[in-house]
Structure formats: C-alpha cells, structure tokens
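Undergrad: This is the structure I want to talk about, given as structure tokens.
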Amino acid sequence: MSDKKKIRQTVIPIGPFHPLQEEPEFFKLFVDGETVTDIEINIGYNHRGIEKISEVKSFDQVTFLVERICGICSNSHPFAYCLAIEDLMGIEAPERASFIRTVIAELERIHSHLLWLGLAGHFLGYNTVFMWAWKYREPVLDIFEAITGNRNHYAMNKPGGVRRDIIDDDIPAILKMVSELVPAMDMFKGAIIDDPVIHARLKGVGILTKKDAIAYAALGPVARASGFDVDIRRDEPYGAYDRVKWNVIVEQDGDVFAKAKVRILEIYESIKIINQCLKKMPKGPIDANIKEVPPGEGIGRIEAPRGECIHYVRSDGSNSPVRHKIRAPSFMSVPTAKASIVGQQVADASIILAAADPCYCCTERMAVIDKKTNKQVLSAQDLVRMGQEKTRKLWKP
Amino acid sequence: MAKQLMFQIKDKLGDVVFQLEDKSAKRTFASIHKADLRQVAGVLHKDFKARFSIASGIDNVKNFELLYHFSFDDLGKIISIRTFVEKDDPVIDSLVPVIGPAAEWIEREIHELLGISFKGHPNLKRLLLADEWPEGKYPLRRDFKNE
Numbered sequence: 001m002s003d004k005k006k007i008r009q010t011v012i013p014i015g016p017f018h019p020l021q022e023e024p025e026f027f028k029l030f031v032d033g034e035t036v037t038d039i040e041i042n043i044g045y046n047h048r049g050i051e052k053i054s055e056v057k058s059f060d061q062v063t064f065l066v067e068r069i070c071g072i073c074s075n076s077h078p079f080a081y082c083l084a085i086e087d088l089m090g091i092e093a094p095e096r097a098s099f100i101r102t103v104i105a106e107l108e109r110i111h112s113h114l115l116w117l118g119l120a121g122h123f124l125g126y127n128t129v130f131m132w133a134w135k136y137r138e139p140v141l142d143i144f145e146a147i148t149g150n151r152n153h154y155a156m157n158k159p160g161g162v163r164r165d166i167i168d169d170d171i172p173a174i175l176k177m178v179s180e181l182v183p184a185m186d187m188f189k190g191a192i193i194d195d196p197v198i199h200a201r202l203k204g205v206g207i208l209t210k211k212d213a214i215a216y217a218a219l220g221p222v223a224r225a226s227g228f229d230v231d232i233r234r235d236e237p238y239g240a241y242d243r244v245k246w247n248v249i250v251e252q253d254g255d256v257f258a259k260a261k262v263r264i265l266e267i268y269e270s271i272k273i274i275n276q277c278l279k280k281m282p283k284g285p286i287d288a289n290i291k292e293v294p295p296g297e298g299i300g301r302i303e304a305p306r307g308e309c310i311h312y313v314r315s316d317g318s319n320s321p322v323r324h325k326i327r328a329p330s331f332m333s334v335p336t337a338k339a340s341i342v343g344q345q346v347a348d349a350s351i352i353l354a355a356a357d358p359c360y361c362c363t364e365r366m367a368v369i370d371k372k373t374n375k376q377v378l379s380a381q382d383l384v385r386m387g388q389e390k391t392r393k394l395w396k397p
Numbered sequence: 001m002a003k004q005l006m007f008q009i010k011d012k013l014g015d016v017v018f019q020l021e022d023k024s025a026k027r028t029f030a031s032i033h034k035a036d037l038r039q040v041a042g043v044l045h046k047d048f049k050a051r052f053s054i055a056s057g058i059d060n061v062k063n064f065e066l067l068y069h070f071s072f073d074d075l076g077k078i079i080s081i082r083t084f085v086e087k088d089d090p091v092i093d094s095l096v097p098v099i100g101p102a103a104e105w106i107e108r109e110i111h112e113l114l115g116i117s118f119k120g121h122p123n124l125k126r127l128l129l130a131d132e133w134p135e136g137k138y139p140l141r142r143d144f145k146n147e
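First to last, the sequence lines map onto chains X and E. Note that UniProt numbering numbers the first sequence so that position 153 is 153, with each residue one more than the last. Note that UniProt numbering numbers the second sequence so that position 113 is 113, with each residue one more than the last.
Written out as structure tokens, the structure is:
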C-alpha cells in the first residue's frame, strides 16, 4: 500500500486491551468508511521471558514455570513440556498417568471453550449466553478443585507421570458433572447453531479460507473451521487418545459461525473422551520416577484447546535445560486475522479478532484512529457497543 | 509409510542432507548447510505438504543453531531441519518467500532475541521486545547479562 493511499485512510487502534479477552495486545485497523482495509498486529506487551527463565530453573521447577504461562491452558504447557522430556529420554509415562493426563486435558478443553463461548456471546450482545456459559463452566472448575486441589494451575504433570492420582471416590462426581453438561450443551447448540440472528450475524463473517489457513499454518479450531484438518490428538496420539473413540470436528466455511460450531461440538467429543477414560483407566503406578535428565533433545506436542502446543527441550546433562523453546498455538492463529478481517465491517471486527480465541498470556492490543488528525476515534468499548448494536438491529422485526 | 516417505525425501534432496538422525519413530533430525535451507524447506512444504510448526534458535557459543520443525500430520512425525549460522556472519535466508506468512513472526522473534538476520524477510522489525530496548542486546545469547 502506498503512503499516499494510507494517508487518506482512517486508522482504528484497538487496545491496549483486547475488547474481548481483556488482555494486552494492540491491533491497528486501517478503515475506509465502515470497511477494514488492513490490519497491523503488535504484541509483546506482556512478554515475560519464560524461555530465558527456564534456563536457570531445574527440570522439575520448569514444570511449574510453564504452568504459569497461561491460566486457561495451565495443563497444556506442562503436559507438552513433560512429553518433551519423556521424548528426550525415550520413555513413556505409565498408562494410568496417561489416562489421568487425558482426563485433565479434556476437562480443560471444556472450560476453555465454554469461556470463549460466553465472551463471544457477550460481544454479540447475547448476555444470556455469557451468563449460561460461565454458569456451566463453574461445575468443571469445581471438579478441578476436587481432583487436583486447584480451580486453575492444577499442577498435575511432572516429567515421567502425574503428581496426584484420581481416586475412585472422585470418579462418580466427575461422571455426574459431565452427564449434566450434555443437556446444557444441547441447549447451547439450539440457542446458537439454530438461531437466525446468530446466523445473520456470524455466517459469512471473517472468513479464513482453507488456502490462507494453510499459508498461515493455522491451528486448532481456527484451522478445523476452515477445512484444514489438523488435530495432534489424532495425528500423533499421546496420552490415552488412541485408546478411546472420538471424532475430529471439521467444518468447511471458515467463518466465525464455523469456528463457534467447531468449539461447541468439540465439547461433546471431550465429554465422550472423559467418560471412556474414566471407565477404561487401568490400575497401576502413576509416575516413572525420573531421577536425572541425560544430555539430548526432545520435542513434545499436544492439542491444547487452541491448537498444537509444542515444546523443544535440550539438555546437556546438567540440572536445567540449555534451551527450552515454547510455541503456543495463538502464535500461529493470531496472524490469521490479517487474512480474515480485510474487507469486513468495523462492527464485526471485535468478534472476528476474538474468533481465533487469542490467548495473549501465550503469545497480546485494538483502537480506531483517524489518520488525518491521528486521534483515536473509537475505543474498545465503542467497538463492543457497535457489535452489540448490530445484533440488536437484527432482533427488531 | 513413514519409511517410504523418508526414502522419497532422501531421493528428492540427494546429498543436501549431510546427516540424518532418526531419534525415534516420531522424530527425525536432518542437518543441512544454511545455503540449502530454502531448497529443503521448499521440498518439504510444497512437495510433501509438511506443515511448518515452528523454528528454535539456540546459541551454542561457538555458533548459532537453527532448527526448523516441520510436521507431517498424516504420519504423526516431526522432521526438524538443523542448520548452523556463524557467529561473525549471523545471516540466513528468510523462509517467508518459500513457505509464506507462517514463518514471519518466528523469524522476527529470533532476529530480536538472538540477533540473527533473515535475508528476504518482508518486515524484520521487533515483535516482542519494547521499543526502548537497546540496540545490539540479544537476551537469548549466552553472553547476555541482565543489568
């Protein structure tokens, strides 16, 4: 784009907090009237140098460090890290530990997807959806508290296994919780997938084509909603995923509606996985008792709620990693906004940017600036209000 | 099937890969010279439809090591391309022209954290570090001291 052309454009800075997730990130929307013509994404407002800190912590401490990368995916990072250590050593966690890890990972997916659904509902002006989703997320967190001791930061993983067992007395409560979640999800599915206003609001909005999804190497629900069929749980089975029956949800449309649908349907699959895991869980040890980590390198990857989470660890035989590379899924999914937002309406911007379920703990801001005066013309609150008003107009006959 | 693929890749790349290490059934490390990077990445990405997962940069004190992790999702396998960059000439070809925007952010990140320059990158500015961060200080280098 030439500078001359850019001057005549209006720029909308969105940030420093994401209007949906309320996390630090900065999007500059270039707009022509009501249409978005370009976007610039700035991150790094919350960079904590965890890869660097990891080099001075012991292998056991790193598990707790990576757990603190994100409060939502607080099982995904330690899980991938532990798999990397196990890959480095050429061992596998005991079978019971793999089942426990899978149960925790799927409970985490349910609470993460419900959290997104609630927020997406709120930004469309469906505050009932917000209340519902967060209400049904609570029992999941209660279960976490019962089996791990914490609502978040479960501290279940350790290299070579898990730190706590799921005791038999807790299993009925988990089964009861997930069975009660099914009718709630049916209600959600009806309220979202069959609602004509949601159709009008989300269908054909913020389309990420399959070609773009591949070019940006999109991951998780973002990729699967665009027909790019990638799911590490199936492609490179870890944990107990190859011992239970479940389906990978793939949609072809690539719009915000498809992304919402993939997430809703994935909750059902997670429920299936949890049910089967709890029934099939074998008795036995839960820890391989790793003493020392030999020199070498290992890669661990898992399907986090937002897609492939990959950890690369190198050891020189000392007590801490020489290098620990962490790549969270949002690092690949956030840049896809560039492909999906251009040509869209400003009122749809917040929901399109939110559709990637960006997690800035893992990876980070949006405002509308008039280029002539360089002043902010719209704030994040304005954008949310615009998104909600657009829905309200559709409600009226 | 994975074996067959490895034969095909070897066949296609010929002598470009000077060391191939099958760490396990799921992990392969292939060492190449940095001049061949674009060719190898192009073959893996275009001919074998590999998905670019991420790149890791490591400071080995005597040189820099770059690992490009390519995921073969149909086979559940990661092939990591290993290449070395000299300390006195920290420049390597950018992969953005070969594999597209997926490589943009990670090359910006490695550029600012390790100080490796990517030739042909369309927008090699800072990604994570603050604007006030001093020039020529690279946090992931071994000689970096936190003051």
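Every residue gets a Cβ at the ideal spot worked out from N, C-alpha and C, and that includes glycine.
Can you give me, in chain order, the residues of the segment 69-84 of chain E that have a beta carbon less than 9 Å from any beta carbon in chain X?
TA: Those would be 69, 71, 72, 73, 74, 75, 76, 77, 78, 80, in chain order.
Undergrad: Run down chain X in chain order and give the residues with a C-beta less than 7 Å from the C-beta of residue 26 (chain E).
TA: The count along the second sequence starts at 1 and reaches residue 26 (chain E) at position 26. Here the neighbours are 236.
Undergrad: Comparing the C-beta of residue 184 (chain X) with each C-beta of chain E, is any distance below 7 Å?
TA: As a first step, residue 184 (chain X) must be located in the first sequence, where it is residue number 184. Chain E contact via Cβ: absent.
Undergrad: Does DSSP put residue 254 (chain X) in a helix, in a strand, or in coil?
TA: By one-based count along the first sequence, residue 254 (chain X) stands at place 254. Three-state DSSP puts residue 254 (chain X) in coil, outside helix and strand.
Undergrad: Below 8 Å on C-beta distance, what does residue 331 (chain X) contact in chain E?
TA: Residue mapping note: residue 331 (chain X) aligns to position 331 of the first sequence, counting from 1. Those within 8 Å of residue 331 (chain X) in chain E are 54, 105, 106.
Undergrad: If the cut is a Cβ gap below 7 Å, which residues of chain E does residue 78 (chain X) touch?
TA: Residue mapping note: residue 78 (chain X) aligns to position 78 of the first sequence, counting from 1. Simply none; closest approach about 18 Å.
Undergrad: Tell me the residue span of the beta strand (DSSP E) that contains residue 82 (chain X).
TA: Taking the first sequence and counting its residues from 1, one reaches residue 82 (chain X) at position 82. Not the beta strand (DSSP E): residue 82 (chain X) falls in the alpha helix (DSSP H), residues 76-89.
Undergrad: With respect to the alpha helix (DSSP H) encompassing residue 183 (chain X), which residues constitute its N-terminal and C-terminal limits?
TA: Position 183 of the first sequence, counting from 1, holds the residue named residue 183 (chain X). Looking at the DSSP string, the run of the alpha helix (DSSP H) that includes residue 183 (chain X) is 171-193.
Undergrad: Can you round the beta-carbon distance between residue 324 (chain X) and residue 62 (chain X) to whole angstroms, since I take them to be within the 8 Å contact cut?
TA: As a first step, residue 324 (chain X) is located in the first sequence; it is residue number 324 there, counting from the start. As a first step, residue 62 (chain X) is located in the first sequence; it is residue number 62 there, counting from the start. Between residue 62 (chain X) and residue 324 (chain X) the Cβ distance is about 7 Å, and since that is below 8 Å, they are a contact.
Undergrad: Quick one: measure Cβ to Cβ for residue 38 (chain E) and residue 124 (chain E), integer angstroms, because I've assumed they're closer than 8 Å.
TA: The residue you call residue 38 (chain E) lines up with position 38 of the second sequence. The residue you call residue 124 (chain E) lines up with position 124 of the second sequence. Rounded, the Cβ-Cβ distance is 16 Å, inconsistent with contact.
Undergrad: Need the endpoints of the alpha helix (DSSP H) that residue 145 (chain X) sits in, please.
TA: As a working mapping, residue 145 (chain X) is identified with position 145 in the first sequence. It spans 127-148 - the alpha helix (DSSP H) in which residue 145 (chain X) sits, taken as one unbroken run.
Undergrad: Just grab the DSSP bridge partners of residue 35 (chain X) for me.
TA: In the first sequence, the residue the question calls residue 35 (chain X) occupies position 35. X:32, X:345.
Undergrad: Could you list which residues in chain X have their beta carbon closer than 9 Å to that of residue 42 (chain E), in chain order?
TA: For this step, residue 42 (chain E) is matched to residue 42 along the second sequence. Within 9 Å Cβ-Cβ: nothing; residue 42 (chain E) doesn't reach chain X, min ~14 Å.
Undergrad: Could I get the ranges of all uninterrupted alpha helix (DSSP H) runs contained in the segment 12-87 of chain E, with 4 residues as the minimum, in chain order?
TA: With a minimum length of 4 residues, the continuous alpha helix (DSSP H) runs that stay inside the segment 12-87 of chain E are 37-42.
Undergrad: Is the distance from the Cβ of residue 329 (chain X) to the Cβ of residue 297 (chain X) below 7 Å?
TA: Along the first sequence, read from residue 1 onward, the residue named residue 329 (chain X) stands at position 329. Along the first sequence, read from residue 1 onward, the residue named residue 297 (chain X) stands at position 297. No, they are not a contact pair.
Undergrad: Would you mind sorting residue 156 (chain X) into buried or exposed? The rule is 16 or more other CB atoms within 10 Å of its CB.
TA: Here residue 156 (chain X) corresponds to residue number 156 of the first sequence, with the count starting at 1. The residue is buried, with at least 16 neighbouring Cβ atoms inside 10 Å.
Undergrad: Inspect the beta-carbon positions of residue 85 (chain E) and residue 117 (chain E) and report whether they are closer than 7 Å.
TA: Residue mapping note: residue 85 (chain E) aligns to position 85 of the second sequence, counting from 1. Residue mapping note: residue 117 (chain E) aligns to position 117 of the second sequence, counting from 1. No, the Cβ-Cβ distance between residue 85 (chain E) and residue 117 (chain E) is not below 7 Å.
Undergrad: Could you name the residues of the same chain whose beta carbon sits closer than 8 Å to that of residue 28 (chain E), not counting the 5 residues immediately before and after it, in chain order?
TA: Mapped onto the second sequence, residue 28 (chain E) falls at position 28. Taken in chain order, the residues that qualify are 6, 20, 21, 22, 77, 78, 79, 80.
Undergrad: Straight-line CA distance for residue 70 (chain E) to residue 221 (chain X)?
TA: The sequence position of residue 70 (chain E) within the second sequence is 70, counting from 1. The sequence position of residue 221 (chain X) within the first sequence is 221, counting from 1. Approximately 20 Å, taken between the alpha carbons.
Undergrad: Runs of 3 residues minimum, wholly inside the segment 238-308 of chain X: which ones carry the beta strand (DSSP E) assignment?
TA: Runs found: 296-304.
Undergrad: Residues of chain B with CB under 7 Å from residue 95 (chain E), in chain order?
TA: Among the chains of the structure shown, chain B does not appear; the protein chains present are X and E.
Undergrad: So does the segment 248-263 of chain X actually touch the segment 225-239 of chain X, counting three or more Cβ pairs closer than 8 Å?
TA: Verdict: yes, contact present.
Undergrad: When you compare each of X:206, X:27, X:254 to residue 345 (chain X) by their alpha carbons, which one comes out closest?
TA: The residue you call residue 345 (chain X) lines up with position 345 of the first sequence. Among X:206, X:27, X:254, the Cα nearest to that of residue 345 (chain X) belongs to X:206.
Undergrad: Which bits of chain E does residue 43 (chain X) rub up against, with CB to CB less than 7 Å?
TA: Along the first sequence, read from residue 1 onward, the residue named residue 43 (chain X) stands at position 43. What residue 43 (chain X) touches in chain E: 127, 128.
Undergrad: Mind checking whether residue 277 (chain X) and residue 304 (chain X) have CB atoms under 7 Å apart?
TA: Residue 277 (chain X) sits at position 277 when you count from the first residue of the first sequence. Residue 304 (chain X) sits at position 304 when you count from the first residue of the first sequence. Not a contact, by the Cβ cut-off of 7 Å.
Undergrad: Between residue 164 (chain X) and the rest of its own chain, which residues show a CB-CB distance below 7 Å, the 5 nearest in sequence each way excluded?
TA: Counting from 1 along the first sequence, the entry for residue 164 (chain X) is found at position 164. Only 148, 156 meet the Cβ criterion.
Undergrad: With 16 other CB atoms within 10 Å as the buried threshold, where does residue 143 (chain E) fall?
TA: As a first step, residue 143 (chain E) must be located in the second sequence, where it is residue number 143. With fewer than 16 Cβ atoms within 10 Å of its Cβ, residue 143 (chain E) is classed as exposed.
Undergrad: Residues bridged to residue 40 (chain X) by DSSP?
TA: Position 40 of the first sequence, counted from the start, is the residue given in the question as residue 40 (chain X). The partner list for residue 40 (chain X) (beta bridge, DSSP) reads X:28.
Undergrad: At the 7 Å Cβ level, is residue 223 (chain X) part of the contact set with chain E, yes or no?
TA: Numbered from its first residue, the first sequence carries residue 223 (chain X) at position 223. Taking Cβ atoms only, chain E never reaches closer than 7 Å to residue 223 (chain X), which makes this a no.
Undergrad: Assuming residue 235 (chain X) is part of the beta strand (DSSP E), what are its boundary residues?
TA: For the purposes of this step, residue 235 (chain X) is taken as residue 235 along the first sequence, with counting starting at 1. Run containing residue 235 (chain X): none in the beta strand (DSSP E); it sits in the alpha helix (DSSP H), 232-235.
Undergrad: If you reduce the DSSP assignment to three classes, tell me which class residue 422 (chain X) lands in.
TA: Lying before the first or after the last residue shown, residue 422 (chain X) is absent from chain X, which here runs from 1 to 397.
Undergrad: Is the CB of residue 58 (chain E) under 7 Å away from at least one CB in chain X?
TA: Here residue 58 (chain E) refers to the residue found at position 58 of the second sequence. True, the Cβ-Cβ gap to chain X drops below 7 Å.
Undergrad: Can you give me the Cβ contacts of residue 136 (chain E) inside the same chain, cut-off strictly under 8 Å, excluding the 5 residues immediately before and after it?
TA: The residue given as residue 136 (chain E) occupies position 136 in the second sequence. Excluding residues within five positions, the ones whose Cβ falls inside 8 Å are 115.
Undergrad: For residue 157 (chain X), which residues does DSSP report across the bridge?
TA: If you number the first sequence from 1, residue 157 (chain X) lands on position 157. In the DSSP output, where bridge partners are listed per residue, residue 157 (chain X) has X:162.
Undergrad: What residue does the alpha helix (DSSP H) around residue 331 (chain X) start on, and which one ends it?
TA: The residue given as residue 331 (chain X) occupies position 331 in the first sequence. Its alpha helix (DSSP H) spans residues 330-333.
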